[in-house]
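Working notes, beginning with the structure itself.
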Amino acid sequence: MKKVFQKPESLTDAKNHYCPGCSHGIIHRLVAECMDEMNIREKTIGVCPVGCSVLAYDYFNCDMLEAAHGRAPAIATAIKRLLPDRFLFTYQGDGDLASIGMAEIVHASARGEKITVIFVNNTLYGMTGGQMAPTTLLGQVTTTSPYGRKAENEGYPMKMAELLSSNEGSAYICRTAVNNPANINRTKRAIKKALQVQEKGLGFSMVEVLSACPTNWGLSPLDGMKWIEDNMIPYYPLGEFKVKEEQ
Amino acid sequence: MAKGRVKFFTDRCKACGLCIEFCPQDVLGFDEHTINTLGYHPIKDLKPELCTGCAICGVVCPDLVIEVERE
Amino acid sequence: MERVLMKGNEALAEGAILAGCRGFFGYPITPSSEIAEYMARKMPKIGGVFVQAESELAAINMVYGGASTGARVMTASSSPGLSLKQEGISFIAEAELPCLIVNISRGGPGLGGIQPAQSDYFQATRGGGHGDYHTIVLAPSGSQEMMDFAMEAFELADKYRIPVMIMAEGTLGNIMEPIIMREPVSKFIEKPWATTGCKDRKPNIVNTLHLGNEELENRNHQLFNKYQIINENEKRADTFLVEDAELVVVAFGIMSRIVKKAVVEARKQGVKAGLVRPVTLWPFPDEHIRTAAKNARLFLSVEISMGQMIQDIQLALAGSVPVEFYGRIGFTPNPEEILQEILRLAEREGL
Ligand SMILES: Cc1ncc(C[n+]2csc(CCOP(=O)(O)OP(=O)(O)O)c2C)c(N)n1
Ligand code: SF4
Ligand SMILES: [Mg+2]
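Residue numbers (the working numbering), protein chains in the order written: chain A, 1312 to 1558; chain B, 659 to 729; chain C, 12 to 362.
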């Protein structure tokens, strides 16, 4: 028998601290598998956010930086500009990317920075105990929208993939989910494509991954996966929003 | 003989049960007789003979608990 | 030696380039923008990186990223911009990333005005952002020092793995003075901690998070041990006629040059005045202050602020000599104005 599935080399042996059924662990592995398959671990520099994945620098087996909340794209911008032949990725949650870090992500995309953004959308602030995020769905109860998010009060959930795909500098923008094995595999293909877009120097790339936070959703891990399907995907359609071809 | 074989790093398991749910062959279940260092009943191959080595369990596992081998 | 006429801001920018700076990240703000403009012209020609960031917040985080590659990088801004950068400076200080941060300072609070000011003294010398930390702060007093301090700042930054700040009043950025061009720096120290990709080594991590109680406390002690060494080795001040001075004036930056004139005049009129000019604002040259206090009956802190450095002078003197304050906001006092203040105090004290 031969091994067909194992821990990628681009992850360390450290046990992750995520809650049972949390999607962060899956997404980490997908990024690492792509690094392995492209043989770029030693050329990759990752920037992790403030959020539940703040400790991602302990899990990725490559050079890593930890950013201030929302600022990862600015940090990655400078590294990539100074070291253009390295692979740069940021790993960011929805609070990190779509709220406090909105300026940094929009401008990194507008400038066409040749970095790859892994955007983990779990509709709320996981780390701080499940507060409302810009991505919280209408009607969704969080600790700071205790009566459910209302458009009149809290506005509408933000569609980051759509928003960023309108920037000329964006070369690859895709939204995927990790709610079942097929979607997990699609997510991996998207991440790989994003890294390849970076390799070709085509511009900014981002994969928005619809993810589960079973803990703050108050659901079992399996029901969390179902919740992505039933509630998130209808509002946040999956697919590629921008694919810039080579000239 | 099963076509596939699963190996577990049981101390990493948080008993989220996603692998159990998504395994198309119903190979997996919780090991009710064991408590791992994280305090969970880890997963176990209750019906190893049915494993095809499809690796879906590994794909959905957030914690790198599972290694899969195939013929 | 070649002498060229240069604006302070440009001298500083050129000094940074001579020191090997190859990354500039900034956001326009008067009176600092000429530094960015100079870098925008120069960087592409020397294989460097210039990015006009979307905000000072982004700019300082680009500095965080840039410095983490081991490259010499910098940002420049003015007071309101420095307020925005404080988050990043705290992170950079903790992550021990060498870099240069320039404040061509102007008056506040709020939008204040674009008049030269020294009212960011507390912000610069007390850390400025959250947590226990310091940056080395250099205060030039002319175009030559704008260039020289930029070069020195990078050496200090690399030596101690610390962000170094240059604080200069807007006037210094704008005045043109002849300066001697320096030779480009050719020797740089190794930075094995840099995040450049982990080929042939273990991954490097640049982070500022320390969740364990002991880990966090140890981390703070490590930083403060370093600050202690800097305190012992890097305090700098110029002194002028302090040996027998009965009235010691303390002033930094452009003010120190103006005060020097007033001190010379005061001497002519029989007042034994002297000058201490702190070159490093942090670490503060308290020993120079104490040495100058030997015959002093009175100190006078002259600042373009409501009185901030005066606290450091008082701390240095620990009550042994009284300290007076003279300051303006929106105006840079002229030598005559300071002379009058010196004479007034001298007469009052019977000096
Ligand atoms: C400047 C700043 N503001 C607020 C916080 C507190 N904080 C930590 S994580 C977080 C939200 C993270 O949410 P998200 O980015 O969605 O990541 P998740 O935990 O859901 O993966 C907040 C607000 C902080 N660390 N820094
Ligand atoms: S709180 Fe949510 S996002 Fe954070 S680790 Fe737990 S499940 Fe994952
Ligand atoms: Mg989130």
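Just so you know, even glycine gets a beta-carbon here, dropped at the ideal spot from N, CA and C.
Mind checking whether the beta-carbon of residue i lies closer than 7 Å to any heavy atom of ligand 1?
{"i": "Met1378(A)", "result": "Met is not the amino acid found at residue 1378(A); the sequence shown has Ala there. Answer for Ala1378(A): no, Cβ out of range of ligand 1."}
{"i": "Met1543(A)", "result": "no"}
{"i": "Tyr1436(A)", "result": "yes"}
{"i": "Ile1411(A)", "result": "yes"}
{"i": "Gly140(C)", "result": "no"}
{"i": "Pro1360(A)", "result": "yes"}
{"i": "Thr1439(A)", "result": "yes"}
Please find out if some non-hydrogen atom of ligand 2 comes closer than 7 Å to the beta-carbon of residue i.
{"i": "Tyr1329(A)", "result": "yes"}
{"i": "His1335(A)", "result": "yes"}
{"i": "Cys1524(A)", "result": "yes"}
{"i": "Cys1363(A)", "result": "yes"}
{"i": "Asn1350(A)", "result": "no"}
{"i": "Asn242(C)", "result": "no"}
{"i": "Asn1478(A)", "result": "no"}
{"i": "Asn231(C)", "result": "no"}
{"i": "Asn1566(A)", "result": "Nothing in the structure corresponds to residue 1566(A), since chain A is present only between 1312 and 1558."}
{"i": "Asn1527(A)", "result": "yes"}
Using the beta-carbon of each residue, which ones in chain C are nearer than 9 Å to residue i?
{"i": "Leu1506(A)", "result": "Going along chain C, no residue has its Cβ under 9 Å from Leu1506(A), so there is no contact; the nearest lies around 14 Å."}
{"i": "Ala1523(A)", "result": "By Cβ distance, chain C contributes nothing, its closest Cβ being about 24 Å from Ala1523(A), past 9 Å."}
Got a sec: does ligand 3 put a non-hydrogen atom nearer than 7 Å to the Cβ of residue i?
{"i": "Leu1521(A)", "result": "no"}
{"i": "Ala1444(A)", "result": "yes"}
{"i": "Ala184(C)", "result": "Note that residue 184(C) corresponds to Gly in the displayed sequence, not to Ala. No."}
{"i": "Asn1433(A)", "result": "yes"}
Residue i versus chain A: which residues are under 8 Å apart at the beta carbon?
{"i": "Phe680(B)", "result": "Asn1491 and Pro1492"}
{"i": "Leu676(B)", "result": "Gly1332, Pro1532, Leu1533 and Met1536"}
{"i": "Thr207(C)", "result": "Ile1356, Asp1374, Leu1394 and Arg1397"}
Which one or two residues does DSSP pair with residue i in a beta bridge?
{"i": "Gly338(C)", "result": "Glu314(C)"}
{"i": "Tyr1483(A)", "result": "Ser1516(A) and Val1554(A)"}
{"i": "Ser88(C)", "result": "Asn114(C)"}
{"i": "Ala47(C)", "result": "Answer is none; Ala47(C) lacks a bridge partner."}
{"i": "Met1443(A)", "result": "Leu1435(A)"}
{"i": "Ser1456(A)", "result": "Thr1453(A)"}
{"i": "Cys1333(A)", "result": "Its beta-bridge partners do not exist; DSSP assigns none."}
{"i": "Leu23(C)", "result": "Beta-bridge pairing links Leu23(C) to no other residue."}
{"i": "Phe61(C)", "result": "Phe35(C)"}
{"i": "Met176(C)", "result": "Ile112(C) and Val148(C)"}
{"i": "Asp684(B)", "result": "According to DSSP, Asp684(B) bridges with nothing at all."}
{"i": "Met1375(A)", "result": "Gly1357(A) and Ile216(C)"}
{"i": "Val1404(A)", "result": "The question names Val, but residue 1404(A) is Gly in the sequence shown. BP columns for Gly1404(A) point to Val1431(A)."}
{"i": "Ala248(C)", "result": "Pro289(C)"}
{"i": "Ile701(B)", "result": "Phe688(B)"}
{"i": "Val260(C)", "result": "Leu286(C) and Leu311(C)"}
Give the residues of chain C in contact with residue i, contact being defined as C-beta atoms less than 7 Å apart.
{"i": "Tyr1368(A)", "result": "Ile216 and Asn218"}
{"i": "Val1365(A)", "result": "Leu220"}
I want to check one thing, is the minimum distance from the CB of residue i to the heavy atoms of ligand 4 below 7 Å?
{"i": "Gly1406(A)", "result": "Ligand 4 is absent from the structure shown, which contains only ligand 1, ligand 2 and ligand 3."}
Would you mind telling me which residues of chain B sit closer than 8 Å to residue i, beta carbon to beta carbon, in chain order?
{"i": "Met1312(A)", "result": "Gly662, Arg663, Gly711, Glu727, Arg728 and Glu729"}
{"i": "Lys1318(A)", "result": "Leu722 and Glu725"}
{"i": "Ile1495(A)", "result": "Val717 and Val718"}
Using a cut-off of 7 Å between C-beta atoms, extract the partners of residue i located in chain A.
{"i": "Gly99(C)", "result": "Ala1379"}
{"i": "Phe36(C)", "result": "Ala1389"}
Which residues of chain B have a Cβ atom closer than 7 Å to the Cβ of residue i, listed in chain order?
{"i": "Val1315(A)", "result": "Gly711, Ala713, Val726, Glu727 and Arg728"}
Quick one: which chain D residues come within Cβ less than 9 Å of residue i?
{"i": "Ile1411(A)", "result": "Absence of chain D from the displayed structure is noted, the protein chains being A, B and C."}
Give the interface partners of residue i over in chain A, defined as CB-CB distance under 9 Å, in chain order.
{"i": "Ala69(C)", "result": "Arg1382, Pro1384, Ala1385, Thr1388, Ala1414, Glu1415, His1418 and Ala1419"}
{"i": "Val60(C)", "result": "Ala1389, Arg1392 and Leu1393"}
Output, in sequence order along the chain, the residues in the segment 1328-1341 of chain A whose CB is closer than 8 Å to any CB in chain B. Tyr1329, Cys1330, Pro1331, Gly1332, Cys1333, Ser1334, His1335, Gly1336, Ile1337 and Arg1340
Taking only beta carbons into account, state which residues of the segment 698-724 of chain B come closer than 8 Å to chain A, listed in chain order. Tyr698, Gly711, Ala713, Ile714, Gly716, Val717, Val718, Cys719, Pro720, Asp721, Leu722 and Ile724
So if I threshold CB-CB distances at 8 Å, which residues from the segment 1532-1549 of chain A count as touching chain B? Pro1532, Leu1533 and Met1536
Please list, in chain order, the residues of the segment 1380-1396 of chain A that have any C-beta partner in chain C closer than 7 Å. Arg1382, Ala1385, Ile1386, Ala1387, Thr1388, Ala1389, Ile1390, Arg1392, Leu1393 and Leu1394
Give, in chain order, every residue of the segment 300-334 of chain C whose Cβ lies closer than 9 Å to some Cβ of chain A. none
Short of 8 Å Cβ to Cβ, which residues in the segment 73-103 of chain C face chain A? Met73, Val74, Tyr75, Gly76, Gly77, Ser79, Thr80, Ala82, Val84, Glu98, Gly99 and Phe102
Between the segment 1405-1439 of chain A and chain C, which residues of the former have CB atoms less than 7 Å from a CB of the latter, in chain order? Ala1414, Glu1415 and His1418
Which of the residues in the segment 1350-1361 of chain A, read from start to end, lie with their CB under 8 Å from any CB of chain C? Arg1352, Glu1353, Lys1354, Thr1355, Ile1356 and Val1358
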